[in-house]
Amino acid sequence: MPELPEVETVRRGLEKLVVGQRITAIDIRYPKIIIGSPAEFCQALHNKKLLSIGRRGKFLLFNFDQNLTMVSHLRMEGKYFIRRSDQPIEKHTHIIFQLASGQQLRYNDVRKFGRMQLAKTDQVQNLPNLSKLGPEPLSTDFKLTDFTRKLLHCKKAIKPALLDQTIVVGLGNIYVDEVLWLSQIHPLTSCYELTAKQAADLFQNIIQELTAAVKAGGTTVRTYSDAFEHSGKFQFALHVYGKEGQPCQRCGTKIQKIRVAQRGTHFCPQCQQAPV
DNA sequence: TTTCTTGTTTTCAG
DNA sequence: ACTGAAAACAAGAA
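First residue of the first sequence? That's 1 in UniProt numbering, and the numbers climb one at a time after it.
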């Protein structure tokens, strides 16, 4: 379940491992991962050199020479590994990028939910799925005044509002539950009912939590690991996610699990009072 | 066989 | 035209 901290950790790992390398061949073993024509995908990337790796929200941006970018979303379980060409292909390996160094960049995805597509580097921000994204929470584009204004104009409950990537990007199910617990806000609270102080608390906690999680190399729940196949450490810092029935670390009340917007949602019924 | 998992896209009602 | 809620979708593990 890679959210911003996990995607950023993957990005940093790949940056060290594959930037500067040239692609000499691509083996697509499961074509549905590719949005658009797989044949064109292979052809376009052939002999391209990887210049840098960026990130927008939960999307990885592999920037190649000649104005070409490969946009990659890991969805639930996508992973990248580096292997020597002679190493056996592991289960659930769907795309293999042969590199000039003799190494391979392998995309592995148990669920096959991840997607990749090509775009011109200078047009990436205009792709339909990236053009509507909100500000990056760890950049100076993320501003309390804008955040508060957007929240107060939103008619949704706070949990789905934070999951939807238009107010701010990067939060998924785990970090939304954590940020709401830290801010002592019930997940079903309507956004327009939030006070200025609550909006400010959310703003602050989003930044602090994501910063801390990036520093810890992300959260490993079930299967996430980075490009070095290291697990994250932030799962030890979680307060509510996956803690149903355990005592709240603030007040001792048992953590409850409910369903909000079809998602498993963990909260403390004492610290995070239900809206009236 | 049924249930569970989540990020994004699509669909539909209003 | 727009919004929000809900469903759909991707596919495998337990």
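The C-beta atom is built at its ideal place from N, Cα and C for all residues, glycine as well. Being a predicted model, the structure only gives us computed values, none of them experimental.
Quick one, which of the options has its alpha-carbon nearest residue i's?
| i | options | result |
| --- | --- | --- |
| Gly54 | Val110, Ile34, Ile96 and Val7 | Val7 |
| Leu50 | His266, Gln66 and Gln273 | Gln66 |
| Thr189 | Phe64, Lys159, Ile89 and Ala119 | Lys159 |
| Ile33 | Gln117, Tyr192 and Gly218 | Gln117 |
| Val10 | Asp86, Gly217, Gln184 and Val179 | Gly217 |
| Asp177 | Asn205, Ile89, Pro31 and Ser52 | Asn205 |
| Gly134 | Val110, Arg115 and Ala161 | Ala161 |
| Tyr192 | Leu151, Lys112 and Pro269 | Leu151 |
| Phe113 | Ala25, Arg75, Phe62 and Ala196 | Arg75 |
| Ile255 | Arg149, His186 and Lys155 | His186 |
| Arg111 | Gln198, Leu130, Ile26 and Glu77 | Glu77 |
| Arg84 | Ser72, Phe97 and His73 | Phe97 |
| Tyr30 | Ile23, Thr24, Ala39 and Arg22 | Ala39 |
Could you tell me which residues DSSP pairs with residue i in its beta bridges?
| i | result |
| --- | --- |
| residue 280 | The chain is shown from 1 up to 276; residue 280 falls before or after that span and cannot be answered. |
| Lys264 | Sequence check: residue 264 is Gly here, not Lys. DSSP, once it has assigned bridges, lists Arg259 as partnering Gly264. |
| Ala119 | Thr69 |
| Asn108 | Lys79 and Thr93 |
| Phe62 | Ile53 and Met70 |
| Ile34 | Met116 |
| Gln98 | Ala25 and Gln104 |
| Lys254 | Pro247 |
In the DSSP assignment, find the beta strand (DSSP E) that holds residue i and state where it starts and stops.
| i | result |
| --- | --- |
| Gly102 | No beta strand (DSSP E) contains Gly102, which DSSP labels as neither H nor E. |
| Thr24 | Ile23 to Ile28 |
| Gly13 | From DSSP, Gly13 is part of no beta strand (DSSP E) but of the alpha helix (DSSP H) over Leu4 to Val18. |
Where do the ends of the alpha helix (DSSP H) carrying residue i lie?
| i | result |
| --- | --- |
| Ala200 | Ala196 to Lys215 |
| Thr146 | The identity of residue 146 in the sequence shown is Asp, whereas the question assumes Thr. Note, Asp146: alpha helix (DSSP H), Leu144 to Leu152. |
If you scan the stretch 158-194 from start to end, which runs of the alpha helix (DSSP H) of 4 or more residues do you find wholly inside it? 158-163 and 173-182
The stretch 162-174 in contact with the stretch 92-102 per 3-pair CB rule at 8 Å: no
Can you list the beta strand (DSSP E) stretches of 3 or more residues lying completely in the stretch 65-92, in chain order? 68-73 and 78-84
I'd like to know if the stretch 119-127 and the stretch 135-146 are in contact, where contact means that at least 3 CB-CB pairs between them fall below 8 Å. no
Taking contact to mean at least 3 C-beta pairs separated by less than 8 Å, is the stretch 100-115 in contact with the stretch 13-24? Taking a cut-off of 8 Å on C-beta distances, the stretch 100-115 touches the stretch 13-24, as three or more cross pairs fall below it.
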